[in-house]
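Below you'll find the structure, written out as C-alpha cells, and then a few comments.
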Amino acid sequence: MNVAFGELVEFAVGGGWGEEQPSDGMVPVRVIRGADFPAAESRNLASAPLRYERSKKAASRTLREGDIVLEVSGGTKDRPTGRSIFVSPELLSSVDHDVIPASFCRLVRIDRSKASPAFVYYALKDLYDRGGTWEYQNQSTGISNFQFETFRARWRLDVPPVHEQQAIAEVLGALDDKIAANTALAVNTEQVLRAEVDVAWLRREDRSSTLADFVEFNPKVSVPRSESAIYIDMKRLPESGWSIDGYDHREPKGGARFQNGDTLMARITPCLENRKTGFVDHLEDGAVGIGSTEFIVMRARHGIAAPTSFLLATEARFREFAIQHMIGTSGRQRVAASDLAAFELPTPDFAWLDQFGRRADALFAAVAAQARENRTLAATRDALLPQLMSGKLRVRDAEAAASRRAGA
Numbered sequence: 022m023n024v025a026f027g028e029l030v031e032f033a034v035g036g037g038w039g040e041e042q043p044s045d046g047m048v049p050v051r052v053i054r055g056a057d058f059p060a061a062e063s064r065n066l067a068s069a070p071l072r073y074e075r076s077k078k079a080a081s082r083t084l085r086e087g088d089i090v091l092e093v094s095g096g097t098k099d100r101p102t103g104r105s106i107f108v109s110p111e112l113l114s115s116v117d118h119d120v121i122p123a124s125f126c127r128l129v130r131i132d133r134s135k136a137s138p139a140f141v142y143y144a145l146k147d148l149y150d151r152g153g154t155w156e157y158q159n160q161s162t163g164i165s166n167f168q169f170e171t172f173r174a175r176w177r178l179d180v181p182p183v184h185e186q187q188a189i190a191e192v193l194g195a196l197d198d199k200i201a202a203n204t205a206l207a208v209n210t211e212q213v214l215r216a217e218v219d220v221a222w223l224r225r226e227d228r229s230s231t232l233a234d235f236v237e238f239n240p241k242v243s244v245p246r247s248e249s250a251i252y253i254d255m256k257r258l259p260e261s262g263w264s265i266d267g268y269d270h271r272e273p274k275g276g277a278r279f280q281n282g283d284t285l286m287a288r289i290t291p292c293l294e295n296r297k298t299g300f301v302d303h304l305e306d307g308a309v310g311i312g313s314t315e316f317i318v319m320r321a322r323h324g325i326a327a328p329t330s331f332l333l334a335t336e337a338r339f340r341e342f343a344i345q346h347m348i349g350t351s352g353r354q355r356v357a358a359s360d361l362a363a364f365e366l367p368t369p370d371f372a373w374l375d376q377f378g379r380r381a382d383a384l385f386a387a388v389a390a391q392a393r394e395n396r397t398l399a400a401t402r403d404a405l406l407p408q409l410m411s412g413k414l415r416v417r418d419a420e421a422a423a424s425r426r427a428g429a
C-alpha cells in the first residue's frame with residue numbers, strides 16, 4: 022500500500038530550547054540537538070545539554086519510546102536537513118531527565134495502528150541516504166530549512182503489512198543494536214582508563230612536569246611517496262570517543278602528517294571547543310597520512326604508550342588551558358602547539374605509567390577492532406536498507422545476512 026507520510030503521523034510538534042537557569046514553572050529537560058544525533062544513534066544522550074522548559078510546553082514535547090526526531094533546520098552545502106533519530110528505550114534511559122527535541126528539530130509520533138514507528142524511521146533514513154530530502158529544503162537567512170508540512174503532504178512511501186514492517190525493522194535493528202553495544206563498550210573503556218589516569222596521576226597536586234615531557238608536538242614525518250595518500254579532514258574527527266570516522270584519499274601535499282598511534286587535535290574555534298580529537302589506528306605500519314592544516318599532531322614520546330597522548334589531549338584541565346590560550350580574530354582563533362607543550366602537570370610514578378600503558382595499548386586495540394566491526398555492520402545495514410524498502414530483497418535473506426554480520 023502506497024500512502025502519504027502525513028497519513029501515518031499521529032502527532033507532530035516543533036521542539037524547544039528553554040532557559041539555562043531554572044525559575045518558577047520550569048522543569049529540567051535534556052534537549053537533543055542536531056549535534057547530538059551521532060551519539061543518539063549509539064543510544065547515548067549524555068552530551069545533550071540540560072535546560073529548563075516551561076512544564077506545559079515540555080509535557081507536549083517530551084519524547085516517548087517509538088517517537089522520531091526529525092531535523093528541520095541546519096544542514097550544510099554538503100548535507101541536507103532531514104536527518105532523523107529513532108527514540109528507543111535505551112536512548113531515554115541514558116539520561117536522568119525527560120528529553121525534548123531542540124527548536125531546530127521536530128517530534129514526529131507515528132500512529133501505531135497504521136505503521137510500525139521503527140519501520141517508518143528506516144524509511145526516512147533510506148530517503149535521506151538517497152538524497153531524497155534535498156527537494157524539501159529551502160534557504161532562509163543563511164539557514165537551510167526543511168519544509169515539513171510540504172513533506173508531510175507530498176512524500177509517499179510503500180507500507181507493507183504490519184508484520185512485514187516489524188520484520189524489516191528487526192533485521193536492521195539487530196545491526197544497529199550491535200553497533201550501539203560496541204560503541205557503549207568503547208565509551209566505558211575510555212571512562213575506566215580516564216578514571217585511572219586521573220586518580221593515579223593527574224589529580225596529584227605537584228606541577229613538576231610539562232606536557233612536552235610526555236608528548237611530542239607535530240613530529241617530523243616524511244611526505245608519502247605515493248601519488249595518493251589517506252586524508253582526514255576536520256569533519257572526520259570525533260567529538261566523543263577516539264575512533265576517526267573513516268578517511269578519503271588525495272594527493273599528498275600540504276597539511277598535517279601523521280602515523281598510527283598519533284593523536285589529531287583541532288586547534289581552531291569552534292572545533293577545539295567541541296573537543297574534535299581522534300586517535301589514529303587505521304593506517305598500515307609505517308604508512309603516513311595527511312590531514313587538515315588545522316590539526317595539531319600529538320605523539321607519545323619513546324617509552325610511553327601511544328594512547329597516553331589521546332588521554333592527555335582530552336583531559337578536562339588541559340582542554341580548558343588550550344581554549345584559554347587561543348589567539349586571533351573572533352571566529353578564527355587558534356591555539357599554538359608551543360603553548361600546549363608548556364602545560365604543567367604532575368610527574369607520574371613511571372613504573373605505574375609503564376603498567377598502565379600496557380593495559381591502555383591492549384584496550385585501544387580491542388576498541389579499534391570493534392570500530393572496524395562497526396564499519397562493516399553499518400555498511401551491511403546501509404546495503405540492506407534500500408533493498409528491503411524497495412521489496413527487492415526478501416526479509417528471510419536479509420535476516421541471514423544480518424545474522425552473519427551481527428554474530429547472532
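For the sequence shown, this note's numbering begins at 22 and goes up steadily by one.
By construction, the Cβ of each residue, glycine as well, lies at the ideal position given by its N, Cα and C atoms.
For residue i, the residue or residues it bridges with in DSSP
i: Y73; result: E40, P49
i: S166; result: Note that residue 166 corresponds to Asn in the displayed sequence, not to Ser. Bridge partners of N166: S94, N159.
i: F107; result: I89
i: N209; result: DSSP output for N209 lists no bridge partner at all.
i: H270; result: I251
i: T298; result: M286
i: C126; result: E92
i: D99; result: Per DSSP, none; premise fails for D99.
i: E365; result: T231
i: M347; result: Answer by DSSP bridge pairing: none, since M347 is not bridged.
i: F279; result: G310
i: F316; result: A287
Alpha-carbon spacing of residue i relative to residue j, whole angstroms
i: G37; j: I121; result: 7 Å
i: N203; j: A79; result: 32 Å
i: V90; j: I131; result: 11 Å
i: G276; j: F377; result: 33 Å
i: V301; j: L285; result: 7 Å
i: A215; j: Q345; result: Per the sequence shown, residue 215 should be read as Arg rather than Ala. R215 and Q345: Cα-Cα distance of roughly 22 Å.
i: K297; j: F316; result: 10 Å
i: A250; j: I311; result: 7 Å
i: G153; j: P110; result: 28 Å
i: V244; j: V309; result: 7 Å
i: A61; j: D99; result: 21 Å
i: L206; j: A386; result: 13 Å
i: R271; j: Y252; result: 6 Å
i: A73; j: A233; result: The amino acid at residue 73 is misidentified as Ala; the sequence shows Tyr. Answer to the nearest angstrom: the Cα atoms are 42 Å apart.
i: W16; j: G35; result: Any property of residue 16 remains undetermined from this structure, which presents the chain solely from 22 to 429.
i: A334; j: M22; result: 54 Å
i: Q168; j: G324; result: 56 Å
i: G267; j: R288; result: 20 Å
i: R340; j: Y149; result: 35 Å
i: A390; j: G352; result: 37 Å
i: E248; j: L414; result: 40 Å
i: R322; j: A404; result: 42 Å
i: A363; j: M347; result: 14 Å
i: E260; j: A399; result: 19 Å
i: G299; j: W263; result: 5 Å
i: F331; j: S68; result: 19 Å
i: G307; j: K241; result: 13 Å
i: A429; j: Q408; result: Unreliable positioning characterises A429 in this predicted model, as indicated by a pLDDT of 47, which lies under 50. The coordinate reading is nonetheless provided below. In a straight line, the C-alpha of A429 is about 21 Å away from that of Q408.
i: L384; j: L71; result: 31 Å
Proximity below 9 Å, CB of residue i to CB of residue j
i: N65; j: S115; result: yes
i: S63; j: T102; result: no
i: L196; j: A381; result: no
i: V192; j: A419; result: yes
i: A188; j: V416; result: yes
i: S105; j: K146; result: yes
i: S94; j: V48; result: no
i: R82; j: V108; result: no
i: L361; j: F238; result: yes
i: R473; j: V24; result: This structure cannot settle anything about residue 473, because the visible part of the chain is limited to 22 through 429.
i: E365; j: S230; result: yes
i: L223; j: R402; result: no
i: V183; j: R320; result: no
i: H118; j: V208; result: no
Exposed unless 16 or more other CB atoms sit within 10 angstroms - verdict on residue i
i: T314; result: exposed
i: E92; result: buried
i: A10; result: The structure shown does not extend to residue 10, since the chain spans only 22 to 429, so no value can be given for it.
i: G412; result: exposed
i: Q212; result: exposed
i: I265; result: buried
i: P328; result: buried
i: V516; result: What is shown of the chain runs 22 to 429, which leaves residue 516 out entirely.
i: D88; result: buried
i: W373; result: exposed
i: G194; result: buried
Exercise. Does the stretch 47 to 64 come close enough to the stretch 133 to 143 that 3 or more CB-CB pairs lie under 8 Å?
Worked result: no
Exercise. Would you say the stretch 198 to 217 touches the stretch 383 to 394, given that touching needs at least three Cβ pairs under 8 Å?
Worked result: yes
Exercise. At a cut of 8 Å, does the stretch 40 to 55 reach the stretch 270 to 283 through at least three beta carbon pairs?
Worked result: Segments in contact, no.
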